[in-house]
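Residue numbers (the numbering used here): 43 to 206.
Just so it is clear, CB atoms sit at the ideal spot from N, CA and C, and this is done for glycine as well.
Data first, discussion second: the structure below is written as structure tokens.
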């Protein structure tokens with residue numbers, strides 16, 4: 043099924059997507075796959091379709107000290123939850139209380155040629171923004187562009203195909 047297709051319940055109603063949550067803790071890594079039940083949205087409940095947990099590794103004192111060990115523990119917990127649910131995970135919501143997470147707002151500019159803005163231009167802008175961050179002994183785990191601007195037009199949601 044492509045990402046544009048919608049899963050359907052028997053009878054043709056759209057099926058609400060499953061939700062996967064991953065809790066990355068110092069003592070254990072737990073993964074839960076939740077699926078909605080009920081045909082009408084007003085009647086829906088959520089049931090845990092699969093769960094998996096393993097002892098946490100690579101996490102000490104609230105910080106990830108070994109990315110490889112932490113990634114291995116995460117993979118094992120997700121695999122166990124997938125096996126229990128009988129379906130693969132396509133994305134997760136991660137919760138953690140480890141370390142000191144922070145967000146940073148940065149601004150970057152890149153020159154555009156005569157061509158319309160494309161994915162490569164967006165990637166260059168993100169790379170330029172990331173290059174401004176000075177995070178000793180840290181690295182970004184997620185990048186979320188808030189807004190774009192093209193030739194003074196601010197607050198552009200999606201600049202692709204615009205000309206600069």
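- Annotation for residue 174: the continuous alpha helix (DSSP H) segment containing it runs 161 to 174.
- Approximately 21 angstroms separates the beta-carbon atoms of residue 115 and residue 129; this is outside 8 angstroms, ruling out the contact.
- Within the DSSP secondary-structure output, residue 95 pairs in a beta bridge with 72.
- One thing to note: residue 94 has its Cβ within 8 angstroms of the Cβ of residue 123.
- By the 16-neighbour rule on beta-carbons within 10 angstroms, residue 201 is buried.
- Of the other Cβ atoms in all chains shown, fewer than 16 fall within 10 Å of the Cβ of residue 193; this residue is therefore exposed.
- One Cα belongs to residue 183, the other to residue 204, and the distance between them is close to 29 angstroms.
- With contacts defined as CB atoms closer than 8 angstroms, residue 74 and residue 96 fail to qualify as a contacting pair.
- The beta carbons of residue 136 and residue 66 sit about 6 angstroms from each other, so the pair counts as a contact at 8 angstroms.
- Residue 92 sits buried, since 16 or more C-beta atoms from the chains shown fall within 10 Å of its C-beta.
- Between residue 153 and residue 191, the alpha-carbon positions lie close to 12 angstroms from each other.
- Burial is judged here by how many other beta carbons sit within 10 angstroms of a residue's own beta carbon; residue 110 has fewer than 16 and is exposed.
- The C-beta separation of residue 148 from residue 175 comes to about 6 angstroms, placing the pair in contact by the 8 angstroms criterion.
- Around the beta carbon of residue 163, 16 or more other beta carbons sit within 10 angstroms, so the residue counts as buried.
- Going by DSSP, residue 123 is part of no beta strand (DSSP E) but of the alpha helix (DSSP H) stretching over 109 to 127.
- Between the alpha carbons of residue 88 and residue 155 lies a gap of roughly 50 angstroms.
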